[in-house]
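J.: Residue 235 in this note's numbering is what sits at position 28 of the sequence shown, and the numbering runs on without skipping anything. This structure is in structure tokens; I'll ask about it shortly.
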Amino acid sequence: MEFIRSAIEDVILVKPKAFGDERGFFMESYRKSLFQANGILPEFIQDNHSKSVKGVLRGLHYQLDPKAQGKLVRCVSGAVFDVAVDIRRGSPTFGKWVGYELSAANKQMLWIPAGFAHGFVTLQDSTEFLYKTTAEYAPECDRGIKYDDPLIGIEWPEVGELILSDKDQKQPLLNDADINFIYKK
């Protein structure tokens, strides 16, 4: 596995090694010792699986402390443009974002630590997306930020008309969001 630090150092792109032949392929998608050797020390508590048509935008989501979630995300069918936004107050990259295309073809994963908002838009029909999280879903801590906040300025790829939940259409802007993350070096 290759671990690549993004422009926001704590967000890490993970490139597994896939071994293929006429039968298909095999790859390790997680090995605790390799993640730990690269500074990623999660204890995964919950796995989530979503399926979406092309143009679905989910996000930007996060959970407040003490139920904050780190996420290891990957696409097992189709493709997404996946985004992490730093929402740790006092961080030199507060309000900045990084984005990557994750797909069944490239098999790449993204580690998004607690203190980041997360979202993605599907680039193909029948896209299936997996999340490993470090905390269980806690509705009382569930929060979000508007996906098109001009202060953040995410450059979402063109996918036609976006499909969003009512909840995601009504999320607050970053400056109005309920955030309790403090940056620690």
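Where is the CB? At the ideal position from N, CA and C, for every residue including glycine.
Which residue wins for smallest C-alpha separation from Ile361, given the options Ile370, Lys392, Trp304 and Asp332?
T.: Checked all of Ile370, Lys392, Trp304 and Asp332; the closest Cα to Ile361 is Trp304.
J.: Please classify Ala291 as buried or exposed, where buried requires at least 16 other C-beta atoms within 10 Å of its C-beta.
T.: buried
J.: Please tell me whether Gly288 and Gly306 are closer than 7 Å, where the distance is taken between their beta carbons.
T.: First, the amino acid is wrong: residue 288 is Phe here, not Gly. Yes, these two residues count as a Cβ contact at 7 Å.
J.: Label Arg265 either buried or exposed according to how many other C-beta atoms from any shown protein chain fall within 10 Å of its C-beta, with 16 as the threshold for buried.
T.: Result: buried.
J.: Just confirm the distance between the C-beta atoms of Ala321 and Gln276, as a whole number of angstroms; I'd bet it's less than 8 Å.
T.: 6 Å
J.: In chain order, what are the residue ranges of uninterrupted beta strand (DSSP E) at least 3 long that sit wholly in the stretch 233-310?
T.: 253-259, 264-270, 278-284, 286-293 and 304-310
J.: Quick check: Ile389 and Arg238, are their CB atoms within less than 7 Å of each other?
T.: no
J.: Rounded to whole angstroms, what is the Cα-Cα separation between Gly227 and Leu267?
T.: Answer to the nearest angstrom: the Cα atoms are 35 Å apart.
J.: Residues in the same chain with beta-carbon distance under 6 Å from Tyr196, minus the five sequence neighbours each way, listed in chain order, please.
T.: Past the boundaries of the shown model lies residue 196; the chain is included only from 208 to 392, so the question cannot be answered.
J.: From the DSSP output, read off the bridge partner residues of Ala324.
T.: In DSSP, Ala324 forms a bridge with Val292.
J.: Tell me the rounded alpha-carbon separation between Thr340 and Ile247.
T.: 13 Å
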